[in-house]
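These notes are about the structure you will find just below.
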Amino acid sequence: MTRPADGMPREVIDAPHPLLSTAAEPVDPTDPGVVAAAADLLATLRHEPSTTGLAAPQIGLSWRLIAFDAGRHPRSRSCTGELVVANPRLATAARWDHLREGCVSVPGLIADVRRATRITVHGHLPGTGDPVTIEADAVEARCIQHQLDHLDGLLFLDRVVGALSLHRSHHSCDA
Amino acid sequence: MGLSAVTVLGVDRPGVIAAVTGSLADCGANIQDSTMTLLGGHVAMMLLVSGEVDAAELSKRLCAPDLVVTASAIEARRHFCDDGGGLGYVLTVHGPDRPGIVSAISAVLAADGGNITGMSTRLTGRLYVLIADVELPKEVDVAALMRRLAAVGAGLDSEITFRPVEPDLL
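Residue numbers (numbering that gives the first Met the number 0), protein chains in the order written: chain X, 0 to 174; chain V, 0 to 169.
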């Protein structure tokens, strides 16, 4: 099968999985394999309507690539639009706040997590390798930090603020 | 004025909390600390109540056909590290479900005099998650404790984070 230029959706892996607990490797953003992976990551994000972002480890690649689109979220303020960033790094973080969040790789659980609501992130665009700087706030800032954690092998569960801050995202009875 | 510890268990339905707390109010019992959660679709509630009604009378007054209620007299409120010397931490453990995770982790904490003051565990799919609030005596070597926790976690194929509580005192 020929890979389309706009990428192919991949399966999103769930925890517990070793890749979700492993720090991802830096990439060459101009490498054709990385460009193809970036396209797949974006295609997977488009295929997952319930989430605003994904990181490469979630599709089985231990590479430092994230994709996000805060415009999908009804409470977003800043909105860079649909973007894939290679080797993203957090430059500034301010105005910390608690909010309840979940993860497509941890279905069924949500938790209160403290994150910065204003951030600056530097990285590179896959393909050209051009540097990019993102100034984000509110939902977009939280989403990007969540994806950066994935690149460091962390889940939102590792930042839960206390024992009573972990919740099921829906109620069900398996009996 | 006596203190009683009350536990309430039953199948979750709208109105359980209203019924229990209404009965307590009718007894003149005052709710102090309390916590409630759902465990697999069952309501689990624990309350510390004060009042003139003794524990045996509370058990009778709270009795309902679809609830299991217990009430026990307790002597007084107690608190670990009363001298204010305790240090607060949050522990996260997540990994594949297997028997013995809670006992293995809590044994490491207990060996250093650590006190678990709150704990939630959840199973979702194959993933088991434990979040605990922990109070440590001031003299504990936290770095060494973290190494022991990491070693036990590795033996359970689980990831462990142990971080200080960050209270926002405004």
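Where a beta carbon is used, it is the ideal one built from N, C-alpha and C, also for glycine.
- With at least 16 other beta carbons inside 10 angstroms of its own, X/Thr50 counts as buried.
- For V/Gly94, the CB contacts under 7 Å within the same chain, skipping 5 residues up- and downstream, are Tyr127, Leu155, Asp156, Ser157 and Glu158 in chain order.
- Under the three-state reduction of DSSP output, V/Ile104 falls in the helix class.
- In the DSSP assignment, V/Ser119 falls within the unbroken beta strand (DSSP E) covering Asn114 to Thr123.
- In this structure, the CA atom of V/Leu90 is about 16 Å from the CA atom of V/Asp140.
- Around the CB of V/Ile73, fewer than 16 other CB atoms lie within 10 Å, so the residue is classed as exposed.
- Using a CB distance cut-off of 8 Å, V/Glu158 counts as an interface residue toward chain X.
- X/Arg76 is outside the set of residues whose beta carbon lies under 8 Å from a beta carbon in chain V.
- Around X/Val103, the same chain offers Val11, Glu47, Ser49, Thr50, Leu53 and Gln57 as residues with beta carbons nearer than 8 Å, after the five sequence neighbours per side are excluded.
- Counting only Cβ-Cβ distances below 7 Å, V/Val128 has contacts in chain X at Leu108, Leu156 and Leu165, in chain order.
- Boundaries cannot be given for X/Glu10, as no beta strand (DSSP E) includes it and DSSP labels it neither H nor E.
- DSSP links V/Arg162 through a beta bridge to V/Val89.
- From the listed residues X/Asp27, X/Asp68 and X/Leu163, the smallest Cα separation to X/Glu139 is found for X/Asp68.
- A Cβ-Cβ separation of about 19 Å leaves X/Arg99 out of contact with X/Ala92 under the 8 Å criterion.
- Judged by beta-carbon spacing, V/Leu38 lies beyond the 8 Å limit of V/Ile30, meaning their Cβ atoms are not closer than that value.
- X/Ser164 is classed as buried because its beta carbon has at least 16 other beta carbons within 10 Å across all chains shown.
- With a minimum length of 4 residues, there is no unbroken run of alpha helix (DSSP H) contained wholly in the stretch 101-143 of chain X.
- Listed in chain order, the positions of the stretch 1-29 of chain X with a beta carbon within less than 7 Å of a beta carbon of chain V are Asp13, Ala14, Pro15 and Ser20.
- Counting other Cβ atoms within 10 Å of its Cβ, X/Arg158 reaches 16 or more and is therefore classed as buried.
- Between V/Leu86 and V/Glu51, the gap from beta carbon to beta carbon reaches 8 Å or more.
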